[in-house]
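Notes follow once the structure below has been shown.
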Amino acid sequence: MLARPIVHDALWRCLCPSFPSHRATAGLVLVGSGAVTRHRRPRAASRCPPLRAFSGATEPESSPYLSPAGFGARTRLPTRANAPSGHGKPALVHLQTAELYERLRREGAAGKHEDVMNIVRILIKDRRERPNSALYAAVLHSYVNAEEGTAGKVRRVLDEMAEDGVELDARGCHCVLETLAVHPDYLLRNEILEYMRERWFSLSARGHNMVVAGLLRDRLFEQALEKIGEMVSQRVQVEGWLWDKTMWLLLDYGEIEEAYQTLLLRQNNGNVKLTTALWTHFLDCAAQIEAVNLTWHSQVIPGYLKPATGTCLKILTLAGRRGQVKLATDVFRVLSERETVFDIHTYEGLMEAYTNAQDLNAALSVAIIMHESALKVSADSIGPIYFFLVQNHSRPMEAFSLLQNFESSGRKVPVAAVNVCLQACVHLKRLEEAIEIYKALHTVCKTGPNTQTFNILFQGCHKAARKELAMFLASEMTQLGLKPDRITYDRLVLVCTQSNDLEDAMLYYEEMRGQGYDMRRGTFEMVIKLGVSAGDARMPAVLRDMYEAGFTPSDELVRSVKMRFEDPPVHESLSGVEGGVAGPRVQDALMSEKSVDSPI
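Take any residue in the sequence shown, note its place counting from 1, add 23, and you have its number in the numbering used here.
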C-alpha cells in the first residue's frame with residue numbers, strides 16, 4: 024500500500040515550520056499597502072473587458088497595491104492576525120475560509136482597513152486564494168474610513184483591477200458608491216453608474232441612498248433633491264439618516280424653502296421622525312410662516328419641543344408680519360409659562376399681528392396693557408397702529424371711539440394712543456378731525472395732552488397753512504405749562520415762514536436759540552430765503568448759525584446772501600435784538616463755514 028502524500032497546508036506549516044516547501048515562493052503575494060496580486064499576470068478575460076474607463080487617474084506610485092515586491096520584506100504575518108483574541112475569540116488563521124470571507128465582508132463594511140488587510144494576507148498567503156472581486160470589494164469598502172480612504176485610492180484600486188482582469192461586480196460597484204458618499208468624487212461616481220447601466224446591474228435601495236449622500240457631499244443639492252423625488256416616486260426607501268442629512272445641509276446653507284419642501288415630502292412619505300435637535304434648528308431657521316406653523320403645531324404645542332426664548336421672539340415677529348394672531352398668542356403663552364419679562368418689542372409683535380389681522384380693538388387693547396404694565400408707550404412703540412390707521416380715512420375716528428369705550432370701562436388710556444390718532448388725521452390732511460379729537464382728549468386721557476400732542480397739531484397747521492390756529496395752540500400750550508422742545512419751535516417757525524411773517528418767525532427763532540436749540544436744515548433755508556427777499560440784515564448771522572449747527576448750505580443760498588448783503592452790519596447774537604448792529608462782513612461769516620453736512 025502506497026504511503027499517503029504529505030499535504031503542505033496551513034496546519035502542516037504550523038506544526039512543522041522548519042520543513043521546506045517547494046511552494047514557499049510560488050503563487051500570490053501581497054502588497055505592503057494592502058492590495059493583492061500574483062507573480063504572473065493572468066490572461067485578461069475575453070468576455071469581460073477591463074475597466075479602462077478608470078485609467079484616467081494618475082498612475083500609482085511603484086504599484087502600491089499589486090506590486091510583486093510588496094510582500095518581500097514582510098514574509099511573516101502580523102502578530103495581530105495570528106494571536107488569539109483577548110476575548111476568547113479564535114485567531115484568524117484558525118477560521119475556515121468561508122468564515123474568513125464573511126469576516127472580511129463585515130470588516131470592510133465597518134471601514135476597518137487594517138483588519139481587512141490582515142484577512143486578505145491570510146487568504147492569499149495561507150489559503151492560496153486567487154485575487155477575486157470579493158477581495159477587491161472588501162478593500163474598496165474599507166475605504167469608507169474617513170482617515171484611511173480617499174477617492175484617489177479608490178481610483179487606483181480600480182485601475183489595478185482593470186490591469187489584472189478582475190472585473191468589478193455589482194457588489195463592488197455598491198462598495199465604491201458607499202465610499203464615494205464619504206469621499207465625494209462626482210466624475211468617478213458618474214463613471215460607476217454608467218458602468219452599472221452598461222452591464223445591467225440594478226442599483227439597490229442602499230445604493231440609491233449612497234448616491235444621494237454623495238451628491239449632498241458635493242453640494243449638488245438640486246440633483247440630490249431630484250434623486251430623492253425619483254426614489255419616492257419609484258417607492259425606493261429613503262433612509263431616515265438621509266432625510267436628516269439632507270435637511271441639516273439645506274438649513275446650514277440657507278436653503279430654507281428647499282428644507283421645508285423636503286419636510287413636506289418626508290411627511291407625505293410617512294416618515295417624519297425628526298430628532299429634537301433637527302426640529303429646533305429647523306424652527307430657528309424657518310423664514311416662512313407655513314414652515315413655522317407646521318413645526319409649532321406638531322412639536323411645540325404637544326410639548327415635544329421647547330424652543331429657546333430668542334427663537335420664540337423671532338417667531339413672534341414673523342407671526343406679527345403675517346397677521347397670524349393664533350400663533351402670536353400661543354408664543355405669548357409659552358413665554359408666560361417661563362415667566363419671561365415682556366418688553367415693548369414683545370408687545371409690538373403681538374400688536375402688529377392684530378393690526379395685520381384687521382383687529383383694531385385688540386391692537387389698542389395691547390397698547391393699554393403696555394401702559395398698565397408700567398411700560399412707556401410712545402409713538403415708536405405703537406407704530407403698527409399708526410400704519411394701520413393711515414390706510415383709511417375713517418380709521419382715526421374709529422380708533423378714538425374705541426379709546427373712549429376703553430376709558431368708560433375703567434381702563435387707563437395712554438396719551439400716546441390718542442396722539443397716534445392725531446398723527447393719522449394729520450397725515451390724511453384731516454386737520455378738523457384732529458382738532459375734534461384734541462377737544463375731546465380730556466375725556467379719554469386724564470393726564471391731558473403733552474408736548475408731542477401739540478407738535479403733531481403744529482405739523483397739521485403747517486400743512487394746512489393755519490397760522491392763527493397755530494398761535495392759539497401755542498398760547499394754550501403755554502397755559503398748560505408744557506415745555507416746548509426743538510420740534511415745537513421749529514414747526515412754529517415753519518408756520519410763520521409759510522405765512523411770510525418773518526418777524527414772528529425770527530422771534531420764535533431767537534427764543535429757540537436762547538433755549539439752546541437749532542432749527543433743522545430745511546427750516547434754516549426757508550428762513551434765509553424769506554429774509555433775503557425781504558432784505559433783512561439778520562440773514563448773514565442766521566447763515567453763520569446754520570454753519571455752526573453743522574449744516575452746509577447750498578451754493579445758491581450762499582450766493583443769494585452775498586449778492587443781497589455785500590457789506591452789511593451783522594450782529595453777533597440775535598437774542599433780544601430786532602435789527603442788526605455793527606459786526607463782521609458776510610465774507611467773514613462765510614470764512615467760518617464748516618464742511619459738515621447733515622440731513623434734515
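Note that beta-carbon positions come from the ideal geometry of N, C-alpha and C, so glycine has one too. None of the values given here were measured: they were computed from a predicted structure.
Same chain only: Cβ atoms within 7 angstroms of residue i, ignoring 5 sequence neighbours per side
i	result
Asn442	Ala402, Gln475, Thr476 and Ile479
Phe355	Leu373
Arg514	Asn478, Phe481, Gln482 and His485
Ala528	Val516, Cys519, Thr520 and Val550
Lys176	Tyr166
His450	Val413
Leu566	Ile551, Pro576, Val584 and Ala612
Ile142	Leu115, Leu123, Arg126, Leu127 and Glu130
Alpha helix (DSSP H) segment containing residue i, residue limits
i	result
Phe305	Thr299 to Cys308
Glu201	Ala193 to Val205
Asn324	This sequence places Ile at residue 324; Asn is not what is there. Note, Ile324: premise wrong, no alpha helix (DSSP H); not H, not E.
Gly188	That residue, Gly188, is in no alpha helix (DSSP H); it is neither H nor E in DSSP.
Glu391	A quick correction: the sequence has Ile, not Glu, at residue 391. From DSSP, the alpha helix (DSSP H) with Ile391 extends over Leu383 to Glu395.
His450	Val438 to His450
Ser359	Val348 to Glu360
Leu336	Thr332 to Arg345
Lys435	Per DSSP, Lys435 belongs to no alpha helix (DSSP H) and is neither H nor E.
Asp275	Gly263 to Asp275
Arg240	Ala228 to Arg240
Lys503	Position check: residue 503 holds Leu in this sequence, whereas Lys was assumed. Careful: Leu503 lies outside any alpha helix (DSSP H) and carries neither H nor E.
Gly252	Phe244 to Ser256
Asp568	Met562 to Glu571
Arg144	His136 to Arg144
Val555	Arg544 to Ala557
Tyr531	Leu525 to Gly537
Gln414	Taken as a continuous stretch (DSSP letters only), Gln414 belongs to no alpha helix (DSSP H), as it is neither H nor E.
Cys7	Any answer about residue 7 is impossible in this case: the structure gives the chain only from 24 up to 623.
His164	Ser156 to Ser165
Leu211	Tyr209 to Glu221
Ile633	The shown model of the chain, from 24 to 623, leaves out residue 633, and the question about it has no answer.
Straight-line gap, residue i to residue j (C-alpha atoms, nearest Å)
i	j	result
Val413	Cys448	8 angstroms
Leu317	Leu505	52 angstroms
Leu238	Tyr209	8 angstroms
Val518	Tyr532	12 angstroms
Lys585	Leu425	57 angstroms
Glu395	Phe365	13 angstroms
Gln119	Asn291	48 angstroms
Arg509	Leu243	59 angstroms
Ser225	Glu170	30 angstroms
Lys490	Arg418	27 angstroms
Val189	Gly293	43 angstroms
Tyr124	Leu158	8 angstroms
Glu455	Val348	35 angstroms
Glu571	Leu580	16 angstroms
Ile19	Val261	Coverage of the chain is limited to positions 24 through 623, which leaves residue 19 absent and any answer about it impossible.
Thr298	Leu272	15 angstroms
Gln427	Thr466	7 angstroms
Asp138	Gly172	14 angstroms
Arg344	Thr363	22 angstroms
Residue i versus the options, residue with shortest Cα-Cα distance
i	options	result
Thr334	Val234, Leu306, Thr352 and Val555	Leu306
Thr511	Ala488, Gln538 and Leu525	Gln538
Val438	Glu455, Phe481 and Ile391	Ile391
Arg258	His231, Thr298 and Lys268	His231
Asp578	Arg561, Lys552, Ala572 and Gly558	Lys552
Glu217	Thr202, Arg229, Ala331 and His197	His197
Val199	Trp223, Gln246 and Ala161	Ala161
Cys308	Gly433, Tyr283 and Pro154	Tyr283
Asn415	Leu383, Thr575 and Thr303	Leu383
Leu286	Met569, Trp302, Asp275 and Tyr276	Trp302
Leu341	Arg144, Asn379 and Ile367	Asn379
Asn523	Val139, Arg544, Val348 and Val555	Val555
Gly558	Gly346, Arg587 and Arg344	Arg587
Glu548	Cys468, Asp275, Pro154 and Asp568	Asp568
Pro472	Glu459, Leu503, Ala493 and Met494	Leu503
Ala493	Ala463, Ile458 and Glu526	Ile458
Phe429	Leu387, Arg543, Pro154 and Ala488	Leu387
Nonlocal neighbours in the same chain, by C-beta distance under 6 angstroms from residue i, ignoring five residues either side
i	result
Ile338	Val315 and Val354
Glu152	Leu146
Met500	Phe477
Ser596	For Ser596, the predicted model reports a pLDDT of 40, less than 50, meaning its position is unreliable; a value from the coordinates is still stated below. No residues qualify anywhere along the chain.
Arg240	Pro207
Tyr370	Val389 and Met393
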